[in-house]
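So the sequences go chain by chain: A and B.
2 is the number of the first residue of the first sequence in the working numbering; add one for each residue after it.
11 is the number of the first residue of the second sequence in the working numbering; add one for each residue after it.
Beneath this line is the structure, given in structure tokens, with notes to follow.
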Amino acid sequence: MYPFNYHRPQSIDEAVESFKSFEEAQWLAGGMTLLPSLKLRLASPGALIDLNFIESLRGVQSSAEKITIGAMTRHADVNSSVEIKRAIPALSLLAGGIGDSQVRNCGTIGGSISNNDPAADYPAAILGLNATIKTNSREIGADDYFTGMFETSLDEGEMIQEITFPVPDTAGYVKFPHPASGYAVSAVMVARFGKTVRVAVTGTAACVFRLASLEEALAENFTAEAADSMELDIDLDDINSDLAASAEYRANLTRVMARRAIEAAQENA
Amino acid sequence: MADTPSKCTISLKVNGEPVSLDLEPRTLLVDMLRNHLGLTGTHVGCDTSQCGCCVVHVDGRSVKSCTMLAATAEGADIVTIEGMASGDKMHPIQEAFREHHALQCGFCTPGVVMSGSELIAKNNNPTEEEIRKWLGGNLCRCTGYHNIVKAIKAAAAQARGNG
């Protein structure tokens, strides 16, 4: 690891000021991706601004219509939240399937979606459940947030404060985890809000994406069979191909995950 | 790169004792424990947060200490494998590991014990499946896990008074 400066702000305002005061500063959330990247010298920030001491960034708030999660809330706490289990069980399940027990004790929802790993779980929740991301300067809708592999519409120095999920009528999330890492080889979140259905896929391509054709078919008729005949809305060339799965295999796996996610949503309804 | 970063003061509790150190910000929690405090029971296996040999408790939660900055542990209550026994008396989970022969080379054992003890603190009657799932972040290359699972089951039974 290259040396870096370090600051431990106690409030959001102090953090934003601190970020500006260092050259090439970077936020430190749970560190589950950032610290391994630093060890590999893939990143060499001038300073880390550690967000672990800002209490207002943690916690879950719920109402009948929405669930709001602080950016620094750990995966383990999202998984065990009684309110989230009741309102959006698919989100609780998703958080409980990230990495391993120790990763879930450190990793945060804000950190995960700031990083936007192509195989991470949370991007599918944000996009599938149509969450809104509140930063220190604005609110960003899910459809405008993810812009590419490890890329988001966050500006330099912009910090996520909280994420608000509208409570769906029902939702289902199913992942085919990589057997060693737990990352998604492919995973699908399906959510139904009245007559609207959203389907988000992670692990399959460079960035989380929606399956518009399947969403339309499901809006007409919410059945698992819709997944068998669906258009993938993505070229085979754009599907990830690696040691875990070829593009052809992943394309089929995405259909299987979509079918199971619809079935899970039916069970959760 | 910026100027040479200054050191950072870290004050925390380790196995009940208050500790204060001036360290480079890039110091990992595991390096603080091993190199600065001499607590070498916490091991570094992979240094990539996969093997779980470095698991310690930070405020009661099991954490891979190779993937946390010492600076982030400011103010925390850390428990390492050295903090489990009371004097010469082993902790019940350590006793259970011995009783059930849950270790061979022992390299992964401190991490497995710390991980397993958080599970028992949360759920003192875990099923075999829950134990195996919970230990997903702890790799053991000797035992094949069967005896580890048995030991954790036995320690959980002891914790609920059915030992």
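Cβ atoms here follow ideal geometry from the backbone N, Cα and C, with glycine treated the same way.
Computed from a predicted structure; not experimentally measured.
- Query: Which residues, taken in chain order from the stretch 45-62 of chain A, show a beta carbon closer than 8 Å to some beta carbon of chain E?
  - Reply: In the displayed structure, chain E is absent; the protein chains listed are A and B.
- Task: Anything in the stretch 27-50 of chain B with a Cβ closer than 7 Å to a Cβ of chain A? List those residues in chain order, please.
- Result: Taking 7 Å as the cut-off between beta carbons, the residues of the stretch 27-50 of chain B near chain A are Glu34, Pro35 and Arg36, in sequence order.
- How would you list, in chain order, the residues of chain B whose beta-carbon sits under 8 Å from the beta-carbon of Asn6/A? What Asn6/A touches in chain B: Ala12, Pro15, Ser16 and Pro35.
- Residues in the stretch 118-149 of chain B with C-beta within 7 Å of chain A's C-beta atoms, listed in sequence order? Residues passing the 7 Å Cβ filter: Ser125, Trp144, Gly146 and Gly147.
- Item | In DSSP terms, what Ser21/B is bridged to | Ser21/B is bridged to Ser30/B.
- Query: Within this structure, are the beta carbons of Leu43/B and Thr90/B separated by less than 8 Å?
  - Reply: By the CB criterion at 8 Å, Leu43/B and Thr90/B fall inside the cutoff.
- Considering only residues of the stretch 50-103 of chain A, which uninterrupted beta strand (DSSP E) runs meet the minimum length of 3 residues and lie entirely inside it, listed in chain order? Here the runs fully enclosed are 61-63 and 67-71.
- Message: Within the continuous alpha helix (DSSP H) that includes Val122/B, where are the two ends?
- Response: Membership of Val122/B in the alpha helix (DSSP H) is indicated by the continuous run Thr119 to Lys132.
- Just how far apart, CA to CA, sit Gly70/B and Gln114/B? Each residue's Cα considered, the two are about 27 Å apart.
- Message: So if DSSP puts Gly171/B in a beta bridge, which residue, or which two residues, is it bridged to?
- Response: In the DSSP output, where bridge partners are listed per residue, Gly171/B has none listed.
- Message: For the alpha helix (DSSP H) containing Leu128/A, name the first residue and the last one.
- Response: For Leu128/A, the enclosing alpha helix (DSSP H) begins and ends at Tyr123 to Gly129.
- Asp239/A versus Ala206/A: straight-line alpha-carbon distance, rounded: C-alpha separation (whole angstroms): 6 Å.
- Query: With 16 as the cutoff for other CB atoms within 10 Å, does Met11/B come out buried or exposed?
  - Reply: Caution is warranted here: a pLDDT of 44 is assigned to Met11/B, below 50, making its placement in the model unreliable, and the coordinate value is therefore given only provisionally. Under this definition Met11/B is an exposed residue.
- Which ranges does the alpha helix (DSSP H) cover as unbroken runs of at least 4 residues, wholly within the stretch 4-57 of chain A, from first to last along the chain? Fully enclosed alpha helix (DSSP H) runs of 4 or longer: 13-22 and 35-40.
- Query: How is Ser72/B classed by DSSP in three states: helix, strand or coil?
  - Reply: Note: Ser72/B maps to strand in three-state DSSP.
- Under a three-way DSSP split, which group does Val40/B fall into? Looking at Val40/B - three-state DSSP - the assignment turns out to be helix.
- What does Gly32/A touch in chain B if you count any residue whose Cβ is under 9 Å from its own? Those within 9 Å of Gly32/A in chain B are Thr77, Met78, Leu79 and Thr82.
- Query: Under a CB-based cut-off of 8 Å, is Asp57/B close to chain A?
  - Reply: Yes, Asp57/B lies at the interface with chain A (some Cβ there is under 8 Å from its Cβ).
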